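Asker: Attaching a single structure in structure tokens format; questions to follow.
Chains as they are written, first to last, in the numbering used here: chain A, 22 to 323; chain B, 2 to 395.
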């Protein structure tokens, strides 16, 4: 029990430290912290579905993209905070609508279906934009980087808190039962379909708002950029490096990869994608528990 | 740090370089930062930009360095990969400005990334001459610290293209457009202009960015044998169209592809097959009114063993020429540079350039045609290097 208190206080301290970053008064470091918070929010949300139930979504860019799109469209009628909430709601609604059919398939079929669905929505939005005669959209008078950063940090904290709550709740145990054996879980009375759908919707809302915040940061929306599939891939790879199935995994994975890419960026701009690729292979082969697993083992031995 | 390595390599190079005319403060290079699309969506297209930057740097350093208010200082680049992602590019420009404290900035690749970093430049009051961006949206950018030398602004392209087609007696046209922004913008302005010029549309189709087969589109249009095929394509579909138009024997005398036909690989791949193809661009090495054009072409060819992209390499090089001429008089003070860029007329490989707001008002919207392996300007009359020739076979 004391371990749990310890880890929760560690998170609180970390969140407070991150909240102080704007005091550094460097746009660059604030930008890095913004990216860290962004990936933590995305990966914690993704983990809520994929790490707990084993349904690996390779299409989370769709929620992020739809959030960006809804925000950019709704800004004409409402202030930024409402538009952001609407982004999250739209992503959740999309998950609700497609969740039932999509969650019927398992394993590699689910992976492919989510990926395909994201591409479908991307092309649909591109078509709609074309028909509207809007080929890309600019946003003016965006909030300052500090404000965007605090909003992103809040999303990261909420996503982490959701992950923490899920891990120790009846809901989370139901999801774990689905991961271990869905048929058996259903047989002993776990409401499998309902739980999966709730997890799917919950894992979509925050990515929708993250997409909205990011489009405010770049002040430019084009569908092919907003639904960029590499977002989906990066979520999965960072989660694997960090370690699936633990609250700290997404945090470690993000910190490690963001810091690493910042370092490699400056030192070896030509090679850093190759190094990232090699690292991913090393992690999958030799450190399947990810960084958080490595750390746990290290602590146990100590 | 990349900076240390760059400086070290630079010092080694400087030691080998012959003695130069003006005083060179070799220990104090001018650092120019930019982000590039080394990986990701635009990775294939980006070398045409970076090559032009490197050529410019070599030439400036060979001449003794960049002239800054009477003194010459060597140039070095500080660059990072943005993975073709506007959000990364925003961070990179913030890093270049606030962490690396570069002296000057060069432009990134693509319209989205230009538009994404415009607010960063405005916030830090750091002037930057853009290059590889083309959209009517550019005009919406608040003028101040960014400028766009391109003449490929979709509304003008649409109107000029229709006028050009009308003059070449085009009566019927098939229009195919990629759904990506630039193609769609041009189409939106082209269609009404075609109507105004009495040109009948026999086909009007959109296609996705990763299209693998255009045979149905092409053969469908072939049935009404239009005078013109206007293919508003991006590089990969430009190559695909040339392959399949040849197979399906497109007979139209006026055939245009939007982006990609100016890349030297295009002519390498299709040879005489793409002779008389029309494309969008406002530069030709054969325009004798622009004395800097031919030397640029020759130097690029000598360094990279291929011709420069008449659109993007040229715009990239122009943007550096503009910066170079601005700092020659203004020095490195950001506000003085801004004033210089906003008010001076610049002598570039593409002729004179002057900005009004964010836009270059001197370079006319023009069209190029591949003629016997050369890119010739065929429209408008004021700058054309050759007459238009109808396309005969593939």
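From the three backbone atoms N, C-alpha and C, an ideal C-beta is built for every residue, glycine too. The model shown is predicted, which means the values in this text are computed figures rather than measured ones.
#1: CB-CB under 6 Å to residue 144 (chain B), same chain, minus the five flanking residues each way: which ones, in chain order?
#2: Do you know whose CA, among A:200, A:223, A:94 and A:225, lies nearest residue 213 (chain A)'s CA?
#3: If you follow the beta strand (DSSP E) that residue 162 (chain A) is part of, which residue opens it and which one closes it?
#4: Quick check on residue 318 (chain A): buried or exposed, where buried means 16 or more other Cβ atoms within 10 Å of its Cβ?
#5: Would you please verify whether the beta carbon of residue 141 (chain B) is less than 8 Å from any beta carbon of chain A?
#6: Just to confirm, is the Cβ distance from residue 282 (chain B) to residue 226 (chain B) under 8 Å?
#7: Among A:127, A:41, A:40 and A:94, whose alpha-carbon lies nearest the alpha-carbon of residue 237 (chain A)?
#8: Measuring only between beta-carbons, confirm whether residue 200 (chain A) sits less than 8 Å from chain B.
#9: Once you ignore the five residues that flank residue 116 (chain A) on each side, which residues in its own chain have a CB closer than 6 Å to its CB?
#10: Helix or strand or just coil, what does DSSP make of residue 31 (chain A)?
#11: Name the chain A residues whose beta carbon is nearer than 9 Å to that of residue 136 (chain B)?
#12: Starting from residue 47 (chain A), find everything on chain B with Cβ-Cβ shorter than 9 Å and list it in chain order.
#13: Could you run through the segment 229-240 of chain A and flag, in chain order, every residue whose CB is less than 7 Å away from some CB of chain B?
#14: Looking at the C-beta of residue 174 (chain A), does it have a partner C-beta in chain B at a distance below 8 Å?
#15: Please classify residue 292 (chain B) as buried or exposed, where buried requires at least 16 other C-beta atoms within 10 Å of its C-beta.
#16: Considering just the uninterrupted stretch of the alpha helix (DSSP H) at residue 340 (chain B), what are its terminal residues?
#17: Given that residue 151 (chain A) touches chain B, what residues does it touch there, using C-beta distances under 7 Å?
#18: For residue 214 (chain B) and residue 32 (chain A), what's the separation of their Cα atoms in angstroms?
#19: Looking at the structure shown, is residue 60 (chain A) part of a helix, part of a strand, or coil, going by DSSP?
#20: Closer than 8 Å, CB to CB, is residue 176 (chain B) near chain A or not?
#21: When DSSP labels each residue in this structure, what does residue 251 (chain B) get in the three-state scheme?
#22: Got a sec: is the Cβ-Cβ distance from residue 245 (chain A) to anything in chain B below 8 Å?
#23: Can you tell me whether DSSP reads residue 148 (chain B) as helix, strand or coil?
#24: Is the beta carbon of residue 232 (chain A) sitting closer than 8 Å to the one on residue 136 (chain A)?
#25: Looking at residue 91 (chain B) and residue 34 (chain B), is the spacing between their C-beta atoms short of 8 Å?
#26: Go to residue 201 (chain B), then tell me how far its beta strand (DSSP E) extends in each direction, as first and last residue.
#27: Taking residue 109 (chain B) as the query, report the chain A residues whose CB atoms sit under 8 Å from its CB, ordered along the chain.
#28: Using a C-beta cutoff of 8 Å, does residue 7 (chain B) count as contacting chain A?
#29: Would you please verify whether the beta carbon of residue 210 (chain B) is less than 8 Å from any beta carbon of chain A?
#30: Under 8 Å between beta-carbons, which chain A residues line up against residue 91 (chain B)? List them in chain order, please.
#31: For a minimum of 3 consecutive residues, which ranges assigned as the beta strand (DSSP E) are wholly contained in the segment 151-212 of chain A?
#32: For residue 78 (chain A), which residues of its own chain have a beta-carbon under 7 Å away from its beta-carbon, when the five flanking residues on both sides are left out?
#33: Cβ of residue 59 (chain A) within 8 Å of Cβ of residue 173 (chain A)?
#34: Suppose contacts are defined by Cβ-Cβ distances below 8 Å. Is residue 87 (chain A) in contact with residue 42 (chain A) by that definition?
#35: Mind listing the chain B neighbours of residue 163 (chain A)? Cutoff is C-beta to C-beta under 9 Å, in chain order.
#36: Would you call the segment 255-267 of chain B in contact with the segment 342-361 of chain B, where contact means no fewer than 3 C-beta pairs closer than 8 Å?
Answerer: Let me spell this out:
#1: The count along the second chain starts at 1 and reaches residue 144 (chain B) at position 143. Only 358 and 359 meet the Cβ criterion.
#2: By 1-based counting over the first chain, the position of residue 213 (chain A) is 192. The closest CA to that of residue 213 (chain A), considering only A:200, A:223, A:94 and A:225, is found on A:200.
#3: Looking up residue 162 (chain A) in the first chain gives position 141. Here residue 162 (chain A) belongs to no beta strand (DSSP E), and DSSP marks it neither H nor E.
#4: Translated into the one-based positions of the first chain, residue 318 (chain A) becomes position 297. So residue 318 (chain A) counts as exposed.
#5: Counting from one through the second chain, the residue named residue 141 (chain B) turns up at place 140. For residue 141 (chain B), the answer is yes, since a Cβ of chain A falls inside 8 Å of its Cβ.
#6: Working through the second chain from its first residue, we reach residue 282 (chain B) at position 281. Working through the second chain from its first residue, we reach residue 226 (chain B) at position 225. In this structure, residue 226 (chain B) does not lie closer than 8 Å to residue 282 (chain B) by Cβ.
#7: Position 216 of the first chain, counted from the first residue, corresponds to residue 237 (chain A). Closest by alpha carbon: A:94.
#8: The count along the first chain starts at 1 and reaches residue 200 (chain A) at position 179. Closer than 8 Å: no.
#9: Taking the first chain and counting its residues from 1, the one referred to as residue 116 (chain A) is at position 95. Closer than 6 Å at the Cβ level, and outside the excluded window around residue 116 (chain A), lie 221, 222 and 225.
#10: The residue you call residue 31 (chain A) lines up with position 10 of the first chain. In this structure, residue 31 (chain A) counts as helix in the three-state DSSP scheme.
#11: Along the second chain, read from residue 1 onward, the residue named residue 136 (chain B) stands at position 135. By Cβ distance, chain A contributes 156 and 157.
#12: As a first step, residue 47 (chain A) is located in the first chain; it is residue number 26 there, counting from the start. Per Cβ cutoff of 9 Å: 95, 99 and 100.
#13: 235, 238, 239 and 240
#14: Position 153 of the first chain holds residue 174 (chain A). Taking Cβ atoms only, chain B never reaches closer than 8 Å to residue 174 (chain A), which makes this a no.
#15: In the second chain, the residue the question calls residue 292 (chain B) occupies position 291. With fewer than 16 Cβ atoms within 10 Å of its Cβ, residue 292 (chain B) is classed as exposed.
#16: Indexing the second chain from 1 puts residue 340 (chain B) at position 339. Unbroken alpha helix (DSSP H) run through residue 340 (chain B): 335-344.
#17: As a first step, residue 151 (chain A) must be located in the first chain, where it is residue number 130. Simply 180, 185 and 207.
#18: To locate residue 214 (chain B), count along the second chain from 1; it is residue 213. To locate residue 32 (chain A), count along the first chain from 1; it is residue 11. Between residue 214 (chain B) and residue 32 (chain A), the C-alpha separation is close to 53 Å.
#19: Taking the first chain and counting its residues from 1, one reaches residue 60 (chain A) at position 39. Reduced to three states, the DSSP call for residue 60 (chain A) is helix.
#20: One-based indexing of the second chain puts residue 176 (chain B) at position 175. Chain A, which has no Cβ nearer than 8 Å to the Cβ of residue 176 (chain B), makes this no.
#21: Residue 251 (chain B) sits at position 250 when you count from the first residue of the second chain. Three-state DSSP puts residue 251 (chain B) in coil, outside helix and strand.
#22: Along the first chain, read from residue 1 onward, the residue named residue 245 (chain A) stands at position 224. Yes, residue 245 (chain A) counts as interfacial toward chain B.
#23: On the second chain, residue 148 (chain B) is found 147 positions in, with the first residue counted as 1. Of the three classes helix, strand and coil, the one that applies to residue 148 (chain B) here is strand, per DSSP.
#24: On the first chain, residue 232 (chain A) is found 211 positions in, with the first residue counted as 1. On the first chain, residue 136 (chain A) is found 115 positions in, with the first residue counted as 1. Contact: no.
#25: As a first step, residue 34 (chain B) must be located in the second chain, where it is residue number 33. As a first step, residue 91 (chain B) must be located in the second chain, where it is residue number 90. No, the pair does not count as a contact, with Cβ atoms beyond the cut-off.
#26: For the purposes of this step, residue 201 (chain B) is taken as the residue at position 200 of the second chain. 201-208 is the span of the beta strand (DSSP E), which, as asked, contains residue 201 (chain B).
#27: Translated into positions along the second chain, residue 109 (chain B) becomes position 108. Those do not exist, as residue 109 (chain B) stays about 12 Å from chain A at its closest Cβ, beyond 8 Å.
#28: Within the second chain, numbered from 1, the residue matching residue 7 (chain B) stands at position 6. With a pLDDT of only 48 at residue 7 (chain B), under the threshold of 50, the placement of this residue in the model should not be trusted; the figure read from the coordinates follows. Taking 8 Å as the CB threshold, residue 7 (chain B) stays off the interface with chain A.
#29: Against the second chain, residue 210 (chain B) aligns to sequence position 209. It does: the Cβ of residue 210 (chain B) has a partner Cβ on chain A nearer than 8 Å.
#30: Reading the second chain from its first residue, position 90 is the one you call residue 91 (chain B). Chain-ordered, the chain A residues with CB closer than 8 Å to the CB of residue 91 (chain B) read 52, 238 and 239.
#31: none
#32: By one-based count along the first chain, residue 78 (chain A) stands at place 57. Excluding positions up to five away in sequence, the list reads 67, 70, 71 and 135.
#33: Here residue 59 (chain A) refers to the residue found at position 38 of the first chain. Here residue 173 (chain A) refers to the residue found at position 152 of the first chain. Going by C-beta atoms, residue 59 (chain A) is nearer than 8 Å to residue 173 (chain A).
#34: Counting from 1 along the first chain, the entry for residue 87 (chain A) is found at position 66. Counting from 1 along the first chain, the entry for residue 42 (chain A) is found at position 21. No, the Cβ-Cβ distance between residue 87 (chain A) and residue 42 (chain A) is not below 8 Å.
#35: If you number the first chain from 1, residue 163 (chain A) lands on position 142. Chain B residues near residue 163 (chain A): 120.
#36: no
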